[in-house]
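Residue numbers (my numbering), protein chains in the order written: chain A, 33 to 384; chain B, 33 to 384; chain C, 33 to 384; chain D, 33 to 384.
Read through the structure below, which is laid out as structure tokens, and then see the notes.
There are 4 protein chains.
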Amino acid sequence: MGAVFGKNIQFAIFGESHGPAIGGVMSSFPHGVKLDLPYIDMFLKRRNHKALYTTKRQEADNYEILSGVKDGVTTGAPLAFIIRNGDTRGKDYSELENLVRPGHSDYPAFIKYNGFNDVSGGGHFSGRLTAPLTFAGSVARQILRDKGIEIYSYVVSVGNIKCPVDSDNAKEMQMADFPVADESYKEKFIKEIESAAKDGDSVGGVIRCVIKNIPAGVGEPFFHSVESEIASMMFSIPAVKGVEFGKGFEITRMRGSEANDCYEVQSGKIKTVTNNNGGVTGGITNGSDVVFQVAIKPTPSIFKPQNTVNVNTKTNEVLQLKGRHDSCIVPRATVAVESGAALVVLDLLGGK
Amino acid sequence: MGAVFGKNIQFAIFGESHGPAIGGVMSSFPHGVKLDLPYIDMFLKRRNHKALYTTKRQEADNYEILSGVKDGVTTGAPLAFIIRNGDTRGKDYSELENLVRPGHSDYPAFIKYNGFNDVSGGGHFSGRLTAPLTFAGSVARQILRDKGIEIYSYVVSVGNIKCPVDSDNAKEMQMADFPVADESYKEKFIKEIESAAKDGDSVGGVIRCVIKNIPAGVGEPFFHSVESEIASMMFSIPAVKGVEFGKGFEITRMRGSEANDCYEVQSGKIKTVTNNNGGVTGGITNGSDVVFQVAIKPTPSIFKPQNTVNVNTKTNEVLQLKGRHDSCIVPRATVAVESGAALVVLDLLGGK
Amino acid sequence: MGAVFGKNIQFAIFGESHGPAIGGVMSSFPHGVKLDLPYIDMFLKRRNHKALYTTKRQEADNYEILSGVKDGVTTGAPLAFIIRNGDTRGKDYSELENLVRPGHSDYPAFIKYNGFNDVSGGGHFSGRLTAPLTFAGSVARQILRDKGIEIYSYVVSVGNIKCPVDSDNAKEMQMADFPVADESYKEKFIKEIESAAKDGDSVGGVIRCVIKNIPAGVGEPFFHSVESEIASMMFSIPAVKGVEFGKGFEITRMRGSEANDCYEVQSGKIKTVTNNNGGVTGGITNGSDVVFQVAIKPTPSIFKPQNTVNVNTKTNEVLQLKGRHDSCIVPRATVAVESGAALVVLDLLGGK
Amino acid sequence: MGAVFGKNIQFAIFGESHGPAIGGVMSSFPHGVKLDLPYIDMFLKRRNHKALYTTKRQEADNYEILSGVKDGVTTGAPLAFIIRNGDTRGKDYSELENLVRPGHSDYPAFIKYNGFNDVSGGGHFSGRLTAPLTFAGSVARQILRDKGIEIYSYVVSVGNIKCPVDSDNAKEMQMADFPVADESYKEKFIKEIESAAKDGDSVGGVIRCVIKNIPAGVGEPFFHSVESEIASMMFSIPAVKGVEFGKGFEITRMRGSEANDCYEVQSGKIKTVTNNNGGVTGGITNGSDVVFQVAIKPTPSIFKPQNTVNVNTKTNEVLQLKGRHDSCIVPRATVAVESGAALVVLDLLGGK
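In structure tokens form, the structure reads like this:
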């Protein structure tokens, strides 16, 4: 509850965009895990990658591990880590304390916290919070990897451009800054992003995530189904507006005879022939890959002037954002989706 | 966790389709609530309605309240209730103990429970479990109604037929057995269902649910956002394969300037002009109606022969289902969606 | 939270003394356990035993299992059960609706529930709620027994009479209606109870509980230590006012050199020479038996007239209780203590 | 669960004695609270006070607030803070990696974490973890103070010396480094500590804690009673071996007629005449002060040689501790007891 996720591993997240530091605590974390730092860094770097701002490889955020690790190996005590924020609270946000940004948390947060919330850079609602999620998720993912479970994701669509093919190349997708099943679509997606950027606007997209080699029999039948847990995590990631498993909304247009995934014996093992249900039936994994799609809305930060209100004076105003804003977060969000999925899967497997 | 949902009110669900009884326990339930039994029955009746099997009004399931209510008023002690199962475990399911039904929980449950699960009628995975959900949700809904919060839903599509309009008639939708925003679509939907039924097949559809008058400022910023909690509940309902808020997956094809819900002052109150975000930004309600869509897959129980396996002999087999099966559960599922939403909203409001 | 206990197995308890039924739901309960009904009944009978009212063996409460068990074997679905209440809400409690009984929950419950709580027979606060605890705990205990872990308890003192010896005879203690380490003390204890009963008064006592063969390494280091979890459960049992581990309060009068349990190698195994810490150091089991004492206050229901108030008129009154009241619940409480301990241990072991 | 405590406010604790930092995260913490830093520092200083090592006032630990506070006022986002450890992992603990200290967590932690736990200074099991508990508890206590609820505690006994009187002077006790109800006992207690210290030994004691002005009607009837929650927290504090409410174990030697706290109307308010039940009946506060005693065992770190084992070689050894060890932690533990109680009470009141 609150800012804590998980039953077997409890992950507490904290931080505000322009506060001293962001970070997290993973309680009941398994002992004896030698952290694979280059592996973890690979994902932190991907999270920092901005497709259009720069072509050079981004650095990973600098994290500091405060507890739970000795000589590079987990001790079993809570694993706490922080990432210092470089920026300090600037003056450029003072305007935002009054004008609430459409599509952002500003207004609901103003109501919930009675104006005491930190609005600089989005405060606790900032996309920057996906950095601790990525660190924690990558540590979880390392444990899963060592069990043979691989998690990867890729961009299915950006705006109106949709890549029609699937990828089952976990390694390649995991290492790509802008993972796409058909490499030729990367350019098309970037064009779509550039086109929006030129207009001072933004675009969203869809991410598909795959959990390979997760065993059958994981999850709970009613509450806390595999789908419930994954969706709960995904809807924590800023800008996510939809989650669907397998064919998802498309399955509603299929007949039962098409939608049902028939079973067959393959080399002595029971397998589904198709995977329209995304690897989950009755809330429990069925041995196929768990596959789900996540809808990412267009970044709400745009340069076009927008109508909004001043929450103090309760007057209508026009907001004109300045500064640097990512006109599409979909490529970077892949790593947040994968990291969240890794935490959920490790927790579903009993936290070890 | 497990079969328990909620933080402020903990709802424990139990029961198997052909066991002695199904039911639930609501802990920490508010005291002093005089139960509006006709109101609760209205929803239980709707849950029993089968569009094609019969034209006469269905009876509500017979529930018995075991604790937490005295002289018709809640005492504050855990509210426990049961619904007896009429059917006993029949012989007609014995075949299913070996042949796993595609699209159902049979195979993952067999793995998870090592074959000890009760397969009769789907056991604990049966859609029948939505009856206790409906009872509990209706009691929660009564409390919300008394605060002015109304929850309703309607069928947006069945198979390939989609009704293009919205409804804001909470009362009418709540009382309808087959709630549709444009009444003329009801017939089209029924035709689609009948067409599938004639083929021994089934169809799915999409439900839109609206939570009216929920105050701004409800929910948590990261984990346990309003969307996380609602989605977690929805994915507990059997056959749900997708959940989206506001424009959902469609919002990924909009530009930020279209997608952002601008604010304006209306009669001294701050309101959004549009509601593409479905009433939630930053995980917290923004004062607009909370609106979400739920994808219901075609009922996996179909009469067409299907390829499957015998889990004991690990041989390929052909399954031919008998008996009576609903070829579309979408209309009935509306009440489960609304009931689940009611439980979540009451919990988010602090359980009272 | 609320009326739900446990992380791996969530046990929801419900019921009011004079309502239709009391019972419980155990979620995430292990599958494939063949219930040993005579074993479970043995403990339910012990709970019903009243040392002074009768010499004949008591019957076990009649429970009905509603779900989670098929052909006598657990299915893995939530295990729900009820025990019907024979008495109906009588008129003899009408006076209590106004006069709050000293030492009972009446007054705090009146405040918490604003007078809506069911006061008949103590309502949800009745000692009768230890019947579902005993049923659930006995099922848990059966699983532990099959792992070699035995839980037993015995009466250490009644009023001012204290038995100076310990028992390590698990089997004998488990089967005794009035378990005492030195059988000769049973009579002394009964005399003490009879003496209080003659005066229209009541007595309390101390129970020692032993968990044999629990492995080392169980529990959490800070929050949710073994002691935290056991104490949390014990203080749920009505009339418990103190919990101590090992030497408990007496250890505060020892020097560190006496109190520390030194280790030694015994036949290749590391063991403590003494067990002053009751088998737990640093919140985690150390391989010795877990031993704790529970203080049970004298039954608050006494026949002597008592000063109290009428909560409606806010006037001082004299209360004179009628009916049959147990003048010492200590012997019966042993089985509640053991059952609670069994649930905690099963949960600490991961729920299986 | 794990290292997280609380339902409404979730407090995650972390850190190891000789790791980079210890600290905590309080999720769902109320917004708009201006931190009273001198008040908080007063308690941190008390925690650092060592009765015998020095006569000069101790400094408070240096904490850094990482999130959840802006301009000295809480924002409503998770409040995270750290306290850097001055010492680094020294070589003087290398011996301990093999010889397990009697009365300490070393052996159970070795088993639980398979030897991967950090043993330097006790690692995560160190009494140093009470510093984050004190910080978090002091912030909670400030909120309670502003509601008129005062928490204080004092040393009732050290070893065999017991102070026979009670204190109701909250302010004085809160400010004292060594709070005692009768000041003349402070010297007697110190003498008892010195006597043990001279012998290279240690002593324990009993602390009484009082929660003044907590309203009636707080807590849950069965699981998660006020006593359950407080005891669960107290048994998290290192060295606690017993918790009792009101007369506690002594109440077992009273008759019901003495033990029951009769009610009377005092100036129009209902009050108990006595407080043998420590302010809680039926698991719920009854409007009297909540009073409980905590048994603190003698510090397990003593200079006398002790028999123990080498966990690697499984041989019997003699352990001779060096360095500086507190021969009685009871005075310092008062502030941990009060801080833990403050967190529990704030949580029980709904976290605000």
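The C-beta atom is built at its ideal place from N, Cα and C for all residues, glycine as well.
Burial state of residue i, where buried means 16 or more other Cβ atoms lie within 10 Å
i        : result
B/Gly118 : exposed
B/Glu261 : buried
D/Thr162 : buried
A/Gly64  : exposed
B/Asp178 : exposed
C/Thr313 : buried
A/Thr86  : Any reading at A/Thr86 needs caution, since the residue's pLDDT is 46, under 50, leaving its predicted position unreliable; the model's value is listed next. With fewer than 16 Cβ atoms within 10 Å of its Cβ, A/Thr86 is classed as exposed.
B/Val350 : exposed
C/Ser299 : exposed
C/Pro332 : buried
B/Arg160 : buried
B/Val305 : exposed
B/Phe223 : Checking the sequence, you will find Lys at residue 223 of chain B rather than Phe. Exposed, by the Cβ-count rule.
Within-8 Å CB hit, residue i to chain D
i        : result
C/Val187 : no
C/Asn348 : yes
C/Phe61  : no
A/Pro270 : no
C-beta neighbour in chain B for residue i, strict 8 Å
i        : result
D/Lys179 : no
A/Asn339 : yes
C/Ala35  : yes
C/Gly55  : yes
A/Ser137 : yes
A/Asn130 : no
8 Å Cβ cutoff, residue i in contact with chain C
i        : result
A/Pro253 : yes
B/Gln206 : no
Check whether residue i and residue j have beta carbons under 8 Å apart
i        : j        : result
B/Gly55  : B/Ala112 : yes
B/Phe142 : B/Ser371 : no
C/Val242 : C/Tyr184 : yes
B/Gly274 : B/Ile316 : no
B/Ala53  : B/Ile115 : yes
D/Val132 : D/Val343 : yes
B/Asp209 : B/Val197 : no
B/Lys77  : B/Gly104 : no
Residue-level contact to chain A via CB, residue i, 8 Å cutoff
i        : result
C/Lys218 : no
C/Lys39  : yes
D/Phe267 : no
Residue i in three-state terms, based on DSSP
i        : result
A/Gly274 : strand
A/Asn80  : helix
A/Ile222 : helix
B/Ser289 : helix
D/Glu296 : strand
D/Lys88  : Reliability of the predicted coordinates at D/Lys88 is poor, the pLDDT of 49 falling under 50, and the value obtained from them is presented with this limitation in mind. Note: D/Lys88 maps to coil in three-state DSSP.
What residues in the segment 282–302 of chain B bring their beta carbon closer than 7 Å to a beta carbon of chain A? Ile283, Thr284, Arg285, Met286, Arg287, Gly288, Ser289, Ala291, Asn292, Asp293, Cys294, Tyr295, Glu296, Val297, Gly300 and Ile302
Pull out every residue of the segment 100–111 of chain C whose Cβ sits closer than 8 Å to any Cβ of chain A, in chain order. Ala109
Along the segment 140–166 of chain B, what residues have a CB closer than 9 Å to any CB found in chain C? Ala141, Lys144, Tyr145, Asn146, Gly147, Phe148, Asn149, Asp150, Ser152, Gly155, His156 and Phe157
What are the residues of the segment 192–203 of chain D that lie near chain C, defined by any Cβ-Cβ distance shorter than 7 Å? Asn192
Of the residues that make up the segment 316–341 of chain A, which ones have a beta carbon closer than 7 Å to any beta carbon in chain B? Ile316, Thr317, Asn318, Ala327, Ile328, Lys329, Pro330, Thr331, Pro332, Ile334, Lys336, Gln338, Asn339, Thr340 and Val341
Name, going along the chain, the residues of the segment 222–239 of chain C whose beta-carbon falls closer than 9 Å to a beta-carbon of chain D. Ala228, Asp231, Gly232, Asp233, Ser234, Val235, Gly236, Gly237 and Val238
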